[in-house]
Amino acid sequence: MSEHIGLNQQLSLGKQQDENQYLTFMMAGEEYGLDILAVQEIRGWEDVTAIPNAPDFVKGAINLRGTIVPIIDLRLRFGIASISYGPLTVVIVVSVQIREQQKVMGLVVDAVSDVYSISEEKAKDVPDFQDSDNGQYVHGLVNVGEKMVVLLNLAKVLDLSVKQVAQG
Numbered sequence: 001m002s003e004h005i006g007l008n009q010q011l012s013l014g015k016q017q018d019e020n021q022y023l024t025f026m027m028a029g030e031e032y033g034l035d036i037l038a039v040q041e042i043r044g045w046e047d048v049t050a051i052p053n054a055p056d057f058v059k060g061a062i063n064l065r066g067t068i069v070p071i072i073d074l075r076l077r078f079g080i081a082s083i084s085y086g087p088l089t090v091v092i093v094v095s096v097q098i099r100e101q102q103k104v105m106g107l108v109v110d111a112v113s114d115v116y117s118i119s120e121e122k123a124k125d126v127p128d129f130q131d132s133d134n135g136q137y138v139h140g141l142v143n144v145g146e147k148m149v150v151l152l153n154l155a156k157v158l159d160l161s162v163k164q165v166a167q168g
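Each step along the sequence shown adds one to the number in UniProt numbering, with nothing skipped, and position 69 is 69.
As structure tokens, this is what we get:
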């Protein structure tokens, strides 16, 4: 009997190894997910220091324990109307590799939602819209219960290269 329980536990662990955990957050009524391994911390909104000539979606920077962290408004990055920041506004601090460099950035979102274990196999491709580059930011779409979650390609979202900033 104990061998059977051990086998079930191994099967369960095997399933979990094929899944990645995603932190989900809300923005404009939609749920988005990012790889939880990229998340360093979740903070409340605080005033930022403006950065001259930065794109409109770069709200400024904060000093986080000696590290200068640019703050990106994901609503503006995705072309969604901005909202007023308040005590419930959330900043997700992430660390992501962009063009062979590790970068730390803060993402302004409406609210943190949940953590899901999602199998890569369940993620569906994004429909191809010929006139839009926004699909590059999306890793895939996945159904979680009755809702759809947009899984983000964080490296692409946060790559602030001149070409992408000019387009965004």
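Yeah, the Cβ is synthetic: ideal placement off N, Cα and C, and Gly gets one too.
Which word fits residue i, buried or exposed, when buried means at least 16 other C-beta atoms lie within 10 angstroms of its C-beta?
i: Arg65; result: exposed
i: Asp73; result: buried
i: Arg77; result: buried
i: Met27; result: buried
i: Leu88; result: exposed
Ignore the nearest five residues each way along the sequence and tell me which others in residue i's own chain have a CB closer than 7 Å to its CB.
i: Ile68; result: Ala61
i: Val93; result: Gln40, Glu41, Arg43, Leu64, Val69, Val104 and Gly106
i: Gly147; result: First, the residue type needs correcting, since residue 147 is Lys and not Gly in the sequence shown. Glu31, listed in sequence order.
From the DSSP output, in three-state form, read off residue i for me.
i: Leu88; result: coil
i: Leu152; result: strand
i: Ile51; result: coil
i: Ala38; result: helix
i: Arg120; result: One detail in the question is off: residue 120 reads as Glu in this sequence, not Arg. The answer is helix: DSSP assigns Glu120 an H, G or I state.
i: Leu158; result: coil
i: Arg99; result: coil
Could you check how far apart the C-beta atoms of residue i and residue j are, in whole angstroms? I think they sit under 8 Å.
i: Met105; j: Leu158; result: 5 Å
i: Ser82; j: Arg75; result: 5 Å
i: Glu30; j: Val138; result: The Cβ separation is near 11 Å, so there is no contact.
i: Gly33; j: Leu152; result: 7 Å
i: Lys124; j: Val142; result: 7 Å
Give every residue of the same chain whose Cβ lies closer than 8 Å to the Cβ of residue i, excluding the five residues on either side of it in the sequence, and list them in chain order.
i: Val115; result: Gln21, Tyr22, Leu23, Thr24 and Ile36
i: Gln102; result: Ser95 and Val96
i: Val90; result: Phe25, Ile42, Arg43, Gly44, Trp45, Val108, Val109, Asp110, Ala111 and Val112
i: Ile51; result: Val58, Gly60, Ala61 and Pro70
With a cut-off of 8 Å, does the C-beta of residue i fall near any C-beta of chain C?
i: Val91; result: As a matter of chain content, chain C is missing from the structure shown, which is built from one protein chain.
Less than 7 Å separating the Cβ of residue i from some heavy atom of the ligand FMN?
i: Ile92; result: As for the ligand FMN, it is missing from this structure, which has no ligand bound.
Please list, in chain order, all residues of the same chain as residue i whose beta carbon is under 6 Å from its beta carbon, the five residues on each side excluded.
i: Ser119; result: Asp18 and Glu19
i: Ser49; result: In the sequence on display, residue 49 carries Thr and not Ser. Excluding sequence neighbours, Thr49 sits near Gly60 and Ala61.
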